[in-house]
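K.L.:
Numbering (the working numbering), first residue to last: 334 to 404. Even for Gly, the Cβ is constructed at its ideal location relative to N, Cα and C.
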Amino acid sequence: VDAKSLGLNDYFDVIKRPMDLGTIQTNLKRHSYKSFFEYRDDVILTFDNAMQYNPPDNYVHGLAAKCKKRF
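(1) Please state the DSSP three-state secondary structure of residue 382.
(2) Here's a check: name, in chain order, each residue in its chain whose Cβ is nearer than 6 angstroms to the Cβ of residue 351, leaving out the five neighbours to either side.
(3) Quick one: grab the DSSP three-state call for residue 377.
(4) Between the Cα of residue 382 and those of 359, 396, 358 and 340, spot the shortest distance and give me the residue it belongs to.
(5) Output needed for residue 360: all residues of its chain with C-beta closer than 8 angstroms, excluding positions within five of it in sequence on either side, in chain order.
(6) Are there 16 or more other CB atoms within 10 angstroms of the CB of residue 430, so buried, or fewer, so exposed?
(7) What residue from 402, 362, 364 and 363 has the CA that sits closest to residue 379's CA?
Right, dumping it as structure tokens:
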């Protein structure tokens, strides 16, 4: 997560285990995941972080909740 470029100055104070889809993509390309469950956990963590950082009435929060439900 490039919080600085996104202007999210408090992101790392709020989110203790950062994860993003770009990092997941890199991990997939490098075959870093030893199992589907490691991959799944990172995807869910991405959605959980988005919902934790953004308030419930925020578009990103809602989108993350929908994605998590479908995943």
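P.N.:
Considering the structure as presented:
(1) helix
(2) 334
(3) helix
(4) 396
(5) 366, 372 and 375
(6) What the structure shows of the chain is the stretch from 334 to 404, and residue 430 is not part of that stretch, so it cannot be assessed.
(7) 402
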